[in-house]
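Student: Residue numbers (the numbering used here), protein chains in the order written: chain A, 166 to 549; chain B, 166 to 549.
Quick one: structure below, then a few questions.
There are 2 protein chains.
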Amino acid sequence: MFNFQYYNPVRIVFGKGAIKELSALVDKSSKVLLLYGGGSIKKNGVYDQIIEALQGVRLAEFSGIEPNPQYSTCMQAVELAKQERIDFLLAAGGGSVLDAVKFIAAAIKFPGKEPWDILSKGAKVSSAVPLGSVLTLPATGSEMNTNAVISRQETGQKLAMSSRYVYPVFSILDPETTYSLPERQVANGIVDAFVHVMEQYMTYDVNAPLQDRFAESILMTLVEQGHNVMKNPNDYETRANIMWAATMALNGLIAVGVPQDWTTHMIGHELTALFGIDHARTLAIVMPAVWQHQRAVKGPKLAQYARRVWGVQTKNDEQAIDAAISKTKKFFAGLNVPVRLSDEKLTPEQCRPAAEQLGKRNVSLGEHGAITAKEVMEILELAR
Amino acid sequence: MFNFQYYNPVRIVFGKGAIKELSALVDKSSKVLLLYGGGSIKKNGVYDQIIEALQGVRLAEFSGIEPNPQYSTCMQAVELAKQERIDFLLAAGGGSVLDAVKFIAAAIKFPGKEPWDILSKGAKVSSAVPLGSVLTLPATGSEMNTNAVISRQETGQKLAMSSRYVYPVFSILDPETTYSLPERQVANGIVDAFVHVMEQYMTYDVNAPLQDRFAESILMTLVEQGHNVMKNPNDYETRANIMWAATMALNGLIAVGVPQDWTTHMIGHELTALFGIDHARTLAIVMPAVWQHQRAVKGPKLAQYARRVWGVQTKNDEQAIDAAISKTKKFFAGLNVPVRLSDEKLTPEQCRPAAEQLGKRNVSLGEHGAITAKEVMEILELAR
């Protein structure tokens with residue numbers, strides 16, 4: 166196990182009716198900016214619950230945060246927050262809204278001229294407006310981590326930031342708010358959380374058995390509950406288990422003391438930036454190809470995964486690795502999520518700009534830094 | 166799954182050489198009181214590492230905190246801290262030192278006359294002196310939770326408190342500090358952590374599969390690494406895995422949204438208060454008897470535990486339950502820890518005051534509150 170630090174001060178408020186706890190969580194003297202997306206929270210009752218819980222609190226609103234939130238949209242919210250002298254941001258929505266609000270929180274306090282530098286140049290974040298969240302889509306883990314991913318249409322970029330200053334003070338998770346999600350978003354969320362676990366698990370062994378087993382616990386739960394939700398979308402317990410698993414998938418817990426490999430996400434972000442494919446769908450297409458390409462490096466862990474998560478019995482490691490890949494693809498396909506580029510009517514050749522974009526940034530992906538633009542193109546070829 | 170809140174802001178600093186991080190973690194302007202036990206930290210180098218890391222910080226010391234820390238000792242430290250105008254407490258040791266320091270932190274700020282009221286009457290804690298810890302004995306989880314257990318020899322009492330104000334600001338876990346522990350303390354620590362998991366897991370099913378699997382992950386890791394440490398006590402990775410598993414066993418994570426049953430601890434505390442038996446040893450004696458007594462209530466989870474943690478194959482639940490109990494006792498015995506009262510030269514009759522003490526406090530133990538003094542006596546009979 167590597168040396169590590171673990172620190173996660175987010176207060177999780179989980180369960181039926183949890184939104185009413187807002188009245189105890191938000192300081193009555195604050196001026197709050199409520200931020201949300203396209204208005205689904207007005208249809209599913211979440212907006213009304215928030216307004217009721219915040220009676221007596223001075224409130225402004227900013228709506229229209231899009232999936233793959235845009236820098237230009239975020240900067241409009243920054244302007245509004247400054248004008249209104251906001252001192253608390255409340256995000257209501259899924260990972261896109263939460264990511265946007267985290268970036269906005271940092272951008273409001275950013276002393277430089279151009280907050281885009283936080284994303285493009287890793288400019289230092291040294292404070293942020295405090296924020297909280299009401300999560301309505303289990304997927305990204307944004308409700309309990311320091312990460313945000315923001316896109317910029319003009320340049321075709323999709324870039325990430327991380328800062329401890331943007332930890333939500335609290336995140337409210339009421340599984341009932343997820344009933345009204347379209348099936349496609351539910352499935353995407355499960356795949357996203359599943360791949361988050363994999364990026365922290367599917368590397369080489371460092372003798373960290375508890376981290377491995379925690380990761381496998383989340384994977385098994387997502388597989389089991391993913392099947393359940395397709396059959397019984399209105400089962401509360403199923404929704405609750407998916408929601409908690411997605412949060413645990415990316416709150417830092419399973420990452421402690423182990424190597425990580427975010428190759429799938431890095432390639433996936435480029436495909437979303439180029440073609441607008443849903444984030445989770447890019448991951449489902451790319452990850453099996455990464456495993457195939459890296460099977461020499463990831464072999465022992467792939468075999469362990471096949472045996473522990475899928476109950477594969479064979480003693481032959483190569484067969485176990487094949488099973489790991491095929492069972493994972495079958496799981497994704499069972500959620501009606503594409504598992505190859507051709508499912509999205511794309512060829513590897515059309516995706517070459519993704520590899521080139523990563524090449525321009527001189528990235529070295531993989532747990533050993535051995536995946537460059539050339540290998541990315543080979544991976545895209547395997548995802549054909 | 167039940168509704169829940171989860172909040173744990175403790176910063177964990179984990180790994181080889183981690184004590185030197187103290188210099189970054191402690192505010193240079195503080196006046197720090199370093200508290201420890203019988204002086205083992207002077208023999209194993211931990212004391213020297215702390216002093217070196219805190220060069221330039223004003224420091225006072227209080228030593229002599231005993232196992233099952235005594236109220237009278239804690240109150241001496243409270244006096245010293247007040248005299249010296251201490252504004253940060255640093256605990257160096259195992260769970261007893263940490264528990265004592267948490268209580269001391271609350272007692273210094275307690276507005277009432279008698280801080281014992283915090284333990285005996287649940288008097289409200291509304292502030293505490295900030296504290297940090299350097300953990301040298303993986304066992305109690307005190308390094309990452311809000312709990313403390315304090316004893317009072319005059320009255321034969323051993324009582325618990327819990328307050329969010331006594332969360333350590335940070336806890337430093339260097340597995341190398343555990344090499345010098347006597348084998349008995351290592352074994353006790355593993356049993357203590359194992360039983361902590363059980364008190365949050367071995368109840369009835371509430372459809373919380375991730376919490377179950379996380380609990381089972383910790384149990385499997387403790388079994389595996391417990392065997393390893395008896396054979397290779399100087400293996401760093403083994404020590405690291407035990408240390409991390411013991412922290413995760415009682416930091417609130419596996420308790421979210423599920424019922425708990427602390428019967429074993431409640432009875433165990435009375436046996437320690439009466440006879441001075443090591444805390445973990447009381448647990449190892451009591452828990453199998455609790456399971457036997459409660460096998461109708463805990464049956465399905467006992468069978469799940471047998472199958473998932475011990476790989477028991479039988480489809481017969483009663484056989485699986487028998488295996489759960491016998492394999493657990495064998496595991497404890499393999500760590501040279503007693504599993505029945507007679508191993509400690511005690512009879513159930515001699516232990517009757519334990520049941521009576523619980524009866525006086527009108528406790529209703531068990532996940533359904535159905536275990537009263539009468540059932541406690543029956544359990545002690547089964548532990549003969």
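The beta-carbon is built from N, C-alpha and C at its ideal position, and this holds for glycine as well.
1) Kindly indicate if chain A contains any beta-carbon less than 8 Å away from that of B/PHE496.
2) Could you confirm whether any beta carbon from chain B is found closer than 8 Å to the beta carbon of A/PRO174?
3) Could you name the residues of the same chain whose beta carbon sits closer than 8 Å to that of A/ARG250, not counting the 5 residues immediately before and after it, in chain order?
4) Roughly how many angstroms separate the alpha carbons of B/LYS278 and A/VAL294, rounded to a whole number?
5) Helix, strand or coil: which one does DSSP assign to A/PRO453?
6) Across the stretch 487 to 503 of chain B and the stretch 512 to 519 of chain B, are there enough close Cβ pairs to call them in contact, namely three or more that are closer than 8 Å?
7) Jot down the residue ranges of each uninterrupted beta strand (DSSP E) in the stretch 330 to 384 of chain A, minimum 3 residues, whole runs only, in chain order.
8) Does any CB atom of chain B fall closer than 8 Å to the CB of A/GLU402?
9) In the DSSP assignment, the alpha helix (DSSP H) including A/PHE496 goes from what residue to what residue?
10) Below 8 Å between beta carbons: does that hold for B/ASP400 and B/ALA183?
11) Can you list the residues of chain B that A/PRO374 reaches, using a CB-CB cut of under 7 Å?
12) Of the residues that make up the stretch 178 to 206 of chain B, which ones have a beta carbon closer than 9 Å to any beta carbon in chain A?
13) Smallest Cα separation from B/GLN220: which of B/LEU324, B/VAL191, B/PRO276?
14) Could you round the C-beta distance between A/SER285 and A/LEU324 to whole angstroms and report it? I think they count as a contact, below 8 Å.
15) Going by C-alpha to C-alpha distance, which of A/LYS463, A/ASN372, A/VAL388, A/VAL502 sits closest to A/LEU448?
16) Quick check: the Cα distance between A/ARG505 and B/ALA548, rounded to an integer number of angstroms?
17) With three or more C-beta pairs closer than 8 Å as the rule, is the stretch 193 to 212 of chain B touching the stretch 352 to 362 of chain B?
18) Mind checking who A/ASN173 pairs with in its DSSP beta bridge?
19) Mind checking A/GLN478: buried by the 16 CB within 10 Å criterion, or exposed?
20) What separation, rounded to the nearest whole angstrom, lies between the Cα atoms of B/THR238 and B/GLY441?
21) How would you list, in chain order, the residues of chain B whose beta-carbon sits under 9 Å from the beta-carbon of A/ALA410?
22) State the Cα-Cα distance for the pair A/SER291 and A/ASN312, rounded to the nearest angstrom.
23) Could you tell me whether the Cβ atoms of A/PRO132 and B/THR343 are closer together than 8 Å?
24) Beta carbon of A/MET363, beta carbon of A/MET452: below 8 Å?
25) Distance cutoff 8 Å, beta carbons only. Does A/ASN310 sit that close to anything in chain B?
26) Secondary structure at B/ALA257, three-state DSSP: helix, strand or coil?
27) Does DSSP put B/SER188 in a helix, in a strand, or in coil?
28) Under 8 Å between the Cβ atoms of A/GLU543 and A/HIS458?
29) Between which two residues does the beta strand (DSSP E) holding B/ALA225 run?
30) Applying a beta-carbon distance threshold of less than 7 Å, which residues of chain B neighbour A/ARG378?
31) Go ahead and pull the three-state DSSP assignment for B/PHE179.
32) Run the proximity test for B/GLY287: is its beta-carbon closer than 7 Å to any non-hydrogen atom belonging to the ligand PLP?
33) Report the neighbours of A/GLY321 on chain C: residues whose CB is nearer than 8 Å to its CB, in chain order.
34) State the Cα-Cα distance for the pair A/VAL299 and A/ALA271, rounded to the nearest angstrom.
35) Do A/ILE419 and A/PHE379 have their C-beta atoms closer together than 8 Å?
36) Under three-state DSSP, which class holds B/ASN393?
Tutor: On the basis of the supplied data:
1) One-based indexing of the second sequence puts residue 496 of chain B at position 331. Taking Cβ atoms only, chain A never reaches closer than 8 Å to B/PHE496, which makes this a no.
2) Residue numbering aside, residue 174 of chain A sits at position 9 when the first sequence is read from its first letter. By this cut-off, A/PRO174 is an interface position.
3) Residue 250 of chain A sits at position 85 when you count from the first residue of the first sequence. If we look at A/ARG250 and ignore the five residues flanking it on each side, its Cβ neighbours are LYS196.
4) For the purposes of this step, residue 278 of chain B is taken as residue 113 along the second sequence, with counting starting at 1. For the purposes of this step, residue 294 of chain A is taken as residue 129 along the first sequence, with counting starting at 1. If I take the Cα positions, the gap works out to 41 Å.
5) Residue numbering aside, residue 453 of chain A sits at position 288 when the first sequence is read from its first letter. The answer is helix: DSSP assigns A/PRO453 an H, G or I state.
6) no
7) 335 to 338
8) Looking up residue 402 of chain A in the first sequence gives position 237. True, the Cβ-Cβ gap to chain B drops below 8 Å.
9) As a working mapping, residue 496 of chain A is identified with position 331 in the first sequence. From DSSP, the alpha helix (DSSP H) with A/PHE496 extends over 482 to 499.
10) The count along the second sequence starts at 1 and reaches residue 400 of chain B at position 235. The count along the second sequence starts at 1 and reaches residue 183 of chain B at position 18. Contact flag unset, no.
11) As a first step, residue 374 of chain A is located in the first sequence; it is residue number 209 there, counting from the start. Result: THR386, GLU389, ASN406.
12) VAL178, PHE179, GLY180, LYS181, GLY182, ALA183, GLU186
13) For the purposes of this step, residue 220 of chain B is taken as the residue at position 55 of the second sequence. Measuring from the Cα of B/GLN220, the nearest candidate turns out to be B/VAL191.
14) Position 120 of the first sequence, counting from 1, holds the residue named residue 285 of chain A. Position 159 of the first sequence, counting from 1, holds the residue named residue 324 of chain A. A/SER285 to A/LEU324, Cβ: 6 Å. Contact.
15) Along the first sequence, one-based indexing puts residue 448 of chain A at 283. For the residues A/LYS463, A/ASN372, A/VAL388, A/VAL502, the minimum Cα distance to A/LEU448 belongs to A/VAL502.
16) Indexing the first sequence from 1 puts residue 505 of chain A at position 340. Indexing the second sequence from 1 puts residue 548 of chain B at position 383. Rounded to the nearest angstrom, the two C-alpha atoms are 60 Å apart.
17) no
18) Here residue 173 of chain A refers to the residue found at position 8 of the first sequence. DSSP, once it has assigned bridges, lists B/ASN173 as partnering A/ASN173.
19) Counted from its first residue, the first sequence places residue 478 of chain A at position 313. Under this definition A/GLN478 is an exposed residue.
20) Residue 238 of chain B sits at position 73 when you count from the first residue of the second sequence. Residue 441 of chain B sits at position 276 when you count from the first residue of the second sequence. Approximately 17 Å, taken between the alpha carbons.
21) Mapped onto the first sequence, residue 410 of chain A falls at position 245. Near A/ALA410 (Cβ distances below 9 Å), the residues of chain B are PRO374, LEU375.
22) In the first sequence, residue 291 of chain A corresponds to position 126, counting from 1. In the first sequence, residue 312 of chain A corresponds to position 147, counting from 1. The straight-line gap from Cα to Cα measures roughly 15 Å.
23) The structure shown does not extend to residue 132 of chain A, since chain A is modelled only from 166 through 549, so no value can be given for it.
24) As a position in the first sequence, residue 363 of chain A is number 198, starting the count at 1. As a position in the first sequence, residue 452 of chain A is number 287, starting the count at 1. Yes. Within cutoff.
25) In the first sequence, the residue the question calls residue 310 of chain A occupies position 145. Judged by the 8 Å Cβ criterion, A/ASN310 is not in contact with chain B.
26) Within the second sequence, the letter at position 92 stands for residue 257 of chain B. Three-state DSSP puts B/ALA257 in a strand.
27) Within the second sequence, the letter at position 23 stands for residue 188 of chain B. Correct three-state label for B/SER188: helix.
28) Here residue 543 of chain A is taken as the residue at index 378 of the first sequence, counted from 1. Here residue 458 of chain A is taken as the residue at index 293 of the first sequence, counted from 1. In contact: A/GLU543 and A/HIS458 (Cβ atoms closer than 8 Å).
29) As a first step, residue 225 of chain B must be located in the second sequence, where it is residue number 60. B/ALA225 -> beta strand (DSSP E) spans 223 to 227.
30) Working through the first sequence from its first residue, we reach residue 378 of chain A at position 213. What A/ARG378 touches in chain B: SER382, MET385, THR386.
31) Mapped onto the second sequence, residue 179 of chain B falls at position 14. Strand.
32) Only the bare structure without any ligand can be found here, which leaves the ligand PLP out of the picture.
33) Absent here is chain C; the protein component of the structure consists of chains A and B.
34) As a working note, residue 299 of chain A is residue 134 in the first sequence. As a working note, residue 271 of chain A is residue 106 in the first sequence. The alpha-carbon atoms of A/VAL299 and A/ALA271 are separated by roughly 19 Å.
35) Walking along the first sequence from the start, residue 419 of chain A turns up at place 254. Walking along the first sequence from the start, residue 379 of chain A turns up at place 214. Yes.
36) Here residue 393 of chain B corresponds to residue number 228 of the second sequence, with the count starting at 1. Here B/ASN393 sits in helix by DSSP.
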